[in-house]
Every structure is written in structure tokens, then in C-alpha cells.
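Novice: If you want our numbering, it's the 1-based position in the sequence shown plus 321.
Yeah, the Cβ is synthetic: ideal placement off N, Cα and C, and Gly gets one too.
This structure is a prediction, so every number in the text was calculated from the model and none was measured.
So that we are looking at the same thing, I have put the structure below in C-alpha cells.
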Amino acid sequence: MMHIILIPIIAALLRFTSNEDQHSVLPLPAVTPVANSRLLDSLLNSDSRLRPVVQRAANYELQIIYTQINRDAQQRPHFVQHNFRLDAGRYFNPASLVKLPTAALALEKLNQLQQPGLSRRSPMATGVGFRCQTAAPYIVSPDSDRINTVGNYIKRMLLVSDNQAYNRLYEFLGQGPLNARLRQLGYPDARIVRRFAPCDTAANRYTNPIEFRNPNTGQVCYQQPPTVNRVPLTHPLGRVMKGRAYQAGGRIIPQPYDFTTANYLPLQDVTDMLKVILFPEAVLAQRRFNLTTTDYAFLRYYLHHTPHSSGYTAYRAPSYFDAYKKYLYYGRSRNTKADAGLHMYNVVGMSHGYLADVAYFADSTQHTEFMLSAVLYVNKDGVINDGAYEYESIGLPFLAALGQVVSQYEASRARPILPLLNESFPQKQVR
């Protein structure tokens, strides 16, 4: 099992990032970007496990962001970003990467509603108001992990990338408000416009009626009527066609698959969102989610933990394992045991041949920390939706090797000031 790693300076600064005191922010320099980094290119060509993909990077649509983190005398983080083929104009299917902003915005909405008895632990019932919608009733259980709540949906999303949990929070947020808030936060090209369900474009604009109950009294504390986004959201890249064919209804359609109305989240955007959640003091107040100190702790806990180490009762079965959602460094290997000193906070995506991981690494043994984000496309036959993707043979081994190579480099990189990473400091489960 992995132990939570605490970064004392972050904990000390969090009091400046709650809703009650957002004006007391330490202004810090923005990230220093390094486009088409020579360092990253050198690292990628230094290992025989990486070269077969790197040498055909265009075919694999490879994009990588490696962010060095340097601490100053006050332990404030400063970021130097190294890119490899980073291009927000090159579409990739973000798949479950969209769960990170959806989780943060759901907590933010609870804060903004300010309804007595309404919190991430309030029992939640989702109704039906339009085609392609499904219901999720109230669940009464002595095991609080079994109840449908915003908090439990977030746990399911972050621990095992549960799609139904994402659908419920997409419906809670509503398509229009969700994307309007992303624009307001500085992500104008992000598009979260689809459930993970076979709903058409129009149906995804309609979201369900939802009702919450006070967990203490059992009385209804908030009702949300069905909503619709009446202003269609256009894709920032225009028409997006991928592949040479796609499978539908059991047959192959010999033409490219249309992603024009699909979700879209550039790799830079989701990297920045993870940075905001981990280092809110290092970004401008207007770029932060409107979260409390407890909200930040909650998100970090489940971004970090494995299904078993989380203490979440629904995921005790052996079908879940340490590397279940840790592609970088571990490659989702069932038999791999987690390194005791290495702690990862991450979100992943796997769909339509695209494989992605966006992670923060903190190694309390090597006294290193960095961020690493990567996406690649492994679909040799060019057919979308046929299930014949090279995730296991190419994609996951590449991501595992990438995380290991960068970790090894970080262990040798000189740092004038070491980050204060508390070694094996236990923390109670955050519910």
C-alpha cells in the first residue's frame, strides 16, 4: 500500500486558498515554458524502450509535457516546462481526462449553492427528463460508500475512472454552465459536451432533474430542475476526422470517424488543472477553482490513492490493483508493487486508441518532485471503435518507461534547495 505524502509548505499555504481568504495570495512567477525541449528530446532518445515510439512520434501523435519544479528559500514552487510535440491544434480524444475538471467543478458548485444540508455527502437522486437519460435513485445503506453522493461519485471517478459517476456529475453541472465556467477559468478551447453513453449531440445538451437530501434529517435540501443548453458549442478546431474507418452496428464503415462533437481537452489545459489542485498558491486567484481547504484535501487524497489503499469499501476486490490507474511509471501492470517512496497524483484516459496520463510525482526517498503529462495514439489498423488497439503491447509499456526515465533523471538533477517532502507521513482517510 502507498502512504500519503504531505508537502508541509502546501499545507501551510492552503489557509490562503480557501473561500474565506482568497485575497491573501502570494504572487508567484508563471511557468517558464521550453518549447520543443532539447533536454526532453535527449531523454526520450536515451532509452531503447522509448525510441520505437519517439522515432515515429507523428504516427503515434505523441505529445509530452515534463515540468520541473524548483523550490526557493521559502519553499515556494517554480515551474520550468519542457515540451515535446505539444500542439493544442492537434486533436486527441481526452476520454477520462475530463473527469478532473468535472470533479473540481462539482465541488465548486456545491460551495456556490450554499444550501443548508447540502454537501458532498448529501444523498443524491437523479431522475429522467429527456431521451437517453437514465435514473439513479436514492440509496439507503449503512455503508456510506454505497450511497449516491457527489463525494462518492468523485471517488469512483478518480480511483477507477468510473464512467457512470462522471455522467452523474456532468448532469449535475449542466452542459452550458460547465463550459462557461471553463472559459471563465481560462480554458476557452476546452469542451466537455458528452456523457460517456451512446447519446446524440442534442440529447447531451439536456441534463436530468436532480434532488438532494440532508444527510442528517433525510429531508430534501435542494432540487435542480431538468436543464438544456440552448446555445450549441462549436468545436475550436472545426471539423475533426480521425482514422481511415470506424466500426458501428457490427460493421466497418470505410470513412474517417467524426470527433467534431466530442469532448476536447488539450494536454496543457488538464496539466494546468492538476497544477491548480496541487499548488493553488502558485496561480492567480482567477485561475483557481472556488474550493475550500477541505475540498483540496479531498481531491488530492483520491488523485493519489490506489483503489485498495484508499479505504473505499467498494474497491476491495482483487480485480483492482495498485497500478490500476497509474500508467506512467507502472504501466498498469497487475503484478507490480508500488514503490514505497514514490507518490503519484494523476488522472488518466484510455479510449478510441488514445492513451493519456497526467501526473505529479513526489519521491520522498530521492527528494524529487515533478509533473509529467503524455498522450499517444496506438491504433495500427486505423479503424476506430473496433477494439483492436495496441494499449498493452505499445502504449502502456511506453508510458511506464517514460515515467521511469524521467524519474531517474530527476534523481540525478541538482537542486540548490530540496523540497520538504515528509517521508511516509500517514493521513486519515478523507471522506
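Would the segment 470 to 489 count as touching the segment 442 to 455 if we require 3 or more Cβ pairs under 8 Å?
Specialist: yes
Novice: Under 8 Å between the Cβ atoms of residue 662 and residue 685?
Specialist: In the sequence shown, the residue the question calls residue 662 occupies position 341. In the sequence shown, the residue the question calls residue 685 occupies position 364. A contact, by the Cβ cut-off of 8 Å.
Novice: Measuring alpha carbon to alpha carbon, tell me which of 553, 697 and 566 ends up nearest residue 717.
Specialist: Counting from 1 along the sequence shown, the entry for residue 717 is found at position 396. For residue 717, the nearest C-alpha among the options comes from 697.
Novice: Please identify the residue among 520, 704 and 688 whose C-alpha is closest to the C-alpha of residue 729.
Specialist: Taking the first residue of the sequence shown as 1, we reach residue 729 at position 408. With distances taken between Cα atoms, residue 729 lies closest to 688.
Novice: Are residue 695 and residue 678 close, meaning C-beta to C-beta below 8 Å?
Specialist: Here residue 695 refers to the residue found at position 374 of the sequence shown. Here residue 678 refers to the residue found at position 357 of the sequence shown. Closer than 8 Å, so yes.
Novice: From the DSSP secondary-structure annotation, give me the bridge partner or partners of residue 579.
Specialist: Taking the sequence shown and counting its residues from 1, one reaches residue 579 at position 258. DSSP output for residue 579 lists 562 as bridge partner(s).
Novice: Nearest CA to the CA of residue 471: which residue from 403, 506 and 535?
Specialist: The residue you call residue 471 lines up with position 150 of the sequence shown. Residue 535 is the option with its Cα nearest to residue 471.
Novice: Using only alpha-carbon positions, find the residue among 363, 707 and 387 that is nearest to residue 593.
Specialist: Your numbering for residue 593 matches position 272 in the sequence shown. Checking every option, the nearest Cα to that of residue 593 belongs to 387.
Novice: Let's test the definition: count the other Cβ atoms within 10 Å of the Cβ of residue 458 and tell me whether it reaches 16, buried, or not, exposed.
Specialist: As a position in the sequence shown, residue 458 is number 137, starting the count at 1. Residue 458 is exposed by the Cβ-count criterion.
Novice: At a cut-off of 7 Å, would you count residue 492 as near the ligand GDP, judging by its Cβ distance to the nearest heavy atom?
Specialist: Absence of the ligand GDP from the depicted structure is noted, as is the absence of any ligand whatsoever, leaving it without description.
Novice: Tell me which same chain residues have a C-beta within less than 8 Å of the C-beta of residue 439, skipping the five on either side of it?
Specialist: Numbered from its first residue, the sequence shown carries residue 439 at position 118. For residue 439, where only same-chain residues beyond five positions count, the Cβ hits under 8 Å are 431, 533, 535, 542 and 543.
Novice: With distance defined between alpha-carbon atoms, name the residue in 654, 508 and 633 nearest to residue 464.
Specialist: What you label residue 464 is simply residue 143 of the sequence shown in a count that begins at 1. Taking only the C-alpha atoms, the option nearest residue 464 is 633.
Novice: Strictly by DSSP, which residues pair up with residue 704?
Specialist: As a first step, residue 704 must be located in the sequence shown, where it is residue number 383. 566, per the DSSP bridge assignment.
Novice: If we count the other Cβ atoms within 10 Å of its Cβ and call it buried at 16 or more, is residue 423 buried or exposed?
Specialist: The residue given as residue 423 occupies position 102 in the sequence shown. Buried, since its Cβ has 16 or more Cβ neighbours within 10 Å.
Novice: So, for residue 647: in the same chain, excluding its five sequence neighbours on each side, which residues have a beta-carbon less than 6 Å away from its beta-carbon?
Specialist: What you label residue 647 is simply residue 326 of the sequence shown in a count that begins at 1. Around residue 647: 665.
Novice: Under the rule that 16 or more other beta-carbon atoms within 10 Å means buried, what is residue 672, buried or exposed?
Specialist: If you number the sequence shown from 1, residue 672 lands on position 351. Counting every other CB atom within 10 Å of its CB across the protein chains shown gives residue 672 a total of 16 or more, marking it as buried.
Novice: Evaluate residue 711 with the Cβ neighbour count: other Cβ atoms within 10 Å of its Cβ, from every protein chain shown; 16 or more gives buried, anything less gives exposed.
Specialist: Taking the sequence shown and counting its residues from 1, the one referred to as residue 711 is at position 390. Its Cβ being crowded by 16 or more others within 10 Å, residue 711 is buried.
Novice: Going by other Cβ atoms of all chains shown within 10 Å of its Cβ, with 16 needed for buried, is residue 563 buried or exposed?
Specialist: Here residue 563 is taken as the residue at index 242 of the sequence shown, counted from 1. Classification of residue 563: buried, given that the 10 Å Cβ count is 16 or more.
Novice: Output the boundary residues of the beta strand (DSSP E) element that contains residue 731.
Specialist: Locating residue 731 in the sequence shown gives position 410, counting from the first residue. Careful: residue 731 lies outside any beta strand (DSSP E), inside the alpha helix (DSSP H) at 717 to 733.
Novice: On the CB-based measure, 16 or more other CB atoms within 10 Å of its CB, does residue 526 come out buried or exposed?
Specialist: Indexing the sequence shown from 1 puts residue 526 at position 205. Answer is buried; the Cβ neighbour count reaches 16.
Novice: Please go through the same chain and pick out, in chain order, the residues whose beta-carbon is closer than 7 Å to the beta-carbon of residue 584, but skip the five residues on each side of it.
Specialist: Along the sequence shown, one-based indexing puts residue 584 at 263. 415, 419, 512, 513, 514 and 515, listed in sequence order.
Novice: Pick out whichever of 705, 425, 396 and 428 has its Cα sitting closest to the Cα of residue 570.
Specialist: Within the sequence shown, the letter at position 249 stands for residue 570. For residue 570, the closest C-alpha among the options 705, 425, 396 and 428 is that of 705.
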